[in-house]
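Each remark here refers to the structure printed beneath this line.
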Amino acid sequence: MSEKKLMSGSHVIAEAAVRAGCRFYAGYPITPQNELTEYSAAAMVRTPGGTFIQAESEIAAINMVIGASMAGARAMTSSSSPGISLKQEGISFAAAMELPLLVVNTMRGGPGLGNIAPAQGDYFQATRGGGHGDYRTIVIGPASGQELADLTRKAFDYADHYLTPVMIIGDGMIGQMMEPVEFPDPIDIKKLPTKPWILDGAKGRPSRLIRSLILDIALEEAHNWKLVKKYETISREITSWEEYQTDDARLVVVAYGTAARIAKGAVRKARERGMKVGLIRPITLWPFPSRVLHEMTGRIKEFLVFEMSTGQMLEDVRLAIEGRANVHFYGRPGGVISTPEEIAGEIQGLYQSRQLDGE
Amino acid sequence: MIKKTVFSGFGGQGVLMMGYVLAVSAMKDGRHVTYLPTYGAEVRGGTANCTVVVSDEEIFSPVASTLDYAVLMNKPSLVKYEPLMSEGGLIIINSSLVSDSPSRKDVGFVRIPANDIARELGSDRTINMIMLGALVAKTGITTQDSIMNGLSEIVKAKKASLMELNRKGLQKGAEYALKF
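Line order of the protein sequences matches chains C and X.
Following my numbering, the numbering of the first sequence begins with 1 at its first residue and continues without gaps.
Following my numbering, the numbering of the second sequence begins with 360 at its first residue and continues without gaps.
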C-alpha cells in the first residue's frame, strides 16, 4: 500500500488500471472523462510495454482494445454515454469471442448528445448488454475514490477469470471529485496466469482462431448456452452490495454510485430525525444483488429507489422483490444533482404517508 | 465534526486551488475529505466553485445541502450561496471586489480586501492564500501549519520564493481576519 493521495476519480481509474497490469489503452476524447484519457497517455508512456492510442473514433478504439486483448494484453477503453453507444458493437463481439477487456463509461445527461452533467441514464444499456445478441457484461458501479482504485483491479481480474468484457459505470461527479485514495501495489504482469487462447504467433503449435461468426445453428445455440452457464457462475460468485442501517429499517432506499452517496447522507439525516431507514447500495449492477432484496421483503415492506434517471435500476429492484413489498421511485434525470436534504424530504414524505412511524 | 465549505468566484481567481489546498492539508492531518469541483463548458471569467467537506468520520455525500463556511470572491457567488448557509455559518468575502453585505443576520460575516492586501504583498496571485488564511484563522477548520504542509506537497517542484509568498499571504489574511 502507498500513502494516501488526493486524486480525481478519472485519474484513480487510470492509475489503478496500470497497477492492475493494463498495458493498452485506446480512446477517443469526450467530456466528462477526458482526464482518464489524459492520465492514461502519461501513465502508458512511463510504463515499460505500455501503449496509448488516441484513436480516430470510439469504434476504432474498442476494436483496437479487442485486438490487444486477443494478443494477450490487459486492455481498456473509456468514454462517456454517446461514445459508449458507438462501442456497443465491439462489446457484443468481445462478449461473443469471450475476450477480457475493460470499458469505463462516465455517464452524462442524455439521450442524444445531452449534456456533460452527472447522470445514470445508461443503466439499461450497460446491464442489458447494450449491443446485439444474447450476452451480459459484468457491470460495476463504484461510489468512492477508494472503490474506483479497488474495483478497477477487480474488473481486470474478473475479465481475465471469466473471459468477458467488464464495464465500470460512473458519472462526471465520481470522475471529477477528489478523495484520498490508497492504491494497492502494482502487480507483476509476468506473474499473471498464462492465457492459452491468445493469438501470439503459431510457430511450433497448432494455429488458433478467435471469431464471433458461427454459421452452424446448432453450434451457435451451444455457444449461447455456454455463455449462459458462465453468466450463472458469475452471478453466484461476484454479486456484491453494501448495506447501511438496514437491521431495524422500515424503509430501505436503493441507490448506486453517485446517487448512493447522496442517499446515504439522506439516510443519516432521516435517522437523526428518528426514522428507521436503511440503504442498499448495489456495487455490482450486473449481476444485480436480487437475493438480498428479495430476502428483505420478509421484514421490510417499503422500498424507495433513487436514481439520476427516470427509473432504470427500478426495474431490477421490482424483479427482485416480485411484488412482495411496495417499490417507490424518485428520480432526477438530465444531469441534476440532488442534495441529501432533498432525498431526506422524499424519505420523510414516504415514511409519513405509509405510516411507518407507528408501532 | 463535519464542515462543508464552498469556494466560489471568477475563473482565474484561484478558487479551485484554494479548495484543493484545504483538502490536501486536511487529508495530511488524517481527516476525511472530499473535493468536488464544478465543471462544465467553462470560459475564462466565468464562474468557478468547489465544495470541500472535512470530517472526522466517513463522508457520505460530497454534495452539501447546506454550507458551514463560504469563501466568496465575487458578487454572483454571494447571491448564489447566501441562501444555502446554515445558521451560525460564516461568509468570508473579498471586499476588494464586492461592496455588498449578506442580508442574513444568523450568519457570520468577514470582509477581507484580498486584492488590496495582495497588492501590498506585491503579487495579485496571493489573493486565494489571503482568503484561505482568513478562513483558517476564523474557523480553525485546520491550522496554518497544516496548510503550509499541504502546500509543500502541492508545489514541491517549485521555488522556495513561491512558498514564502504563499506563507505571507496566509499570514496576512489570518491577521486581517482576526482583527475583524
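We put the beta carbon where it would ideally sit given N, CA and C, even for glycine.
The model shown is predicted, which means the values in this text are computed figures rather than measured ones.
Residue contact check for Tyr379(X) against chain C: a CB pair falls below 9 Å. Per DSSP, reduced to three states, the secondary structure at Pro461(X) is coil, with no helix or strand assignment. The Cβ atoms of Arg261(C) and Gly172(C) lie no closer than 9 Å to each other. The beta-carbon distance between Met488(X) and Asn453(X), rounded to whole angstroms, is 13 Å. This is too long to meet the 8 Å contact definition. Contacts between Val383(X) and chain C, judged by CB atoms closer than 7 Å, involve Leu6 in chain order. In the three-state reduction of the DSSP assignment, Lys531(X) falls in the helix class, which pools H, G and I. No Cβ of chain X is located within less than 9 Å of the beta carbon of Gln355(C).
For chain X, the residues of the segment 249-275 of chain C that bring a beta carbon within less than 7 Å of one of its beta carbons are Arg261, Ile262, Lys264, Gly265, Arg268, in chain order. Pairing Ser455(X) with Asn474(X) gives a Cβ-Cβ distance under 9 Å. Counting along the chain, the unbroken alpha helix (DSSP H) around Pro435(X) starts and ends at 434-440.
For Gln355(C), the three-state secondary structure derived from DSSP is coil.
In the DSSP assignment, Thr127(C) falls within the alpha helix (DSSP H) that extends over 123-127. Gly370(X) and Glu15(C) have their C-alpha atoms roughly 28 Å apart.
Bridge partners of Asn326(C) according to DSSP: Glu302(C). Secondary structure note for Gly170(C): its beta strand (DSSP E) is the uninterrupted segment 165-171. Excluding the 5 residues flanking it on each side, Arg268(C) has same chain C-beta neighbours closer than 8 Å at Pro340, in chain order. A Cβ-Cβ separation of about 7 Å places Val139(C) in contact with Thr284(C) under the 8 Å criterion. Listed in chain order, the beta strand (DSSP E) runs fully inside the segment 135-219 of chain C are 138-140, 165-171, 178-181, counting runs of at least 3 residues. Listed in chain order, the alpha helix (DSSP H) elements of length 4 or more contained wholly in the segment 22-56 of chain C are 34-46.
Rounded to whole angstroms, Gly349(C) and Tyr135(C) show a C-alpha spacing of 40 Å.
In the structure shown, Asp427(X) adopts extended strand secondary structure according to DSSP, grouped into three states. Per DSSP, the unbroken beta strand (DSSP E) holding Leu395(X) starts and ends at 391-396.
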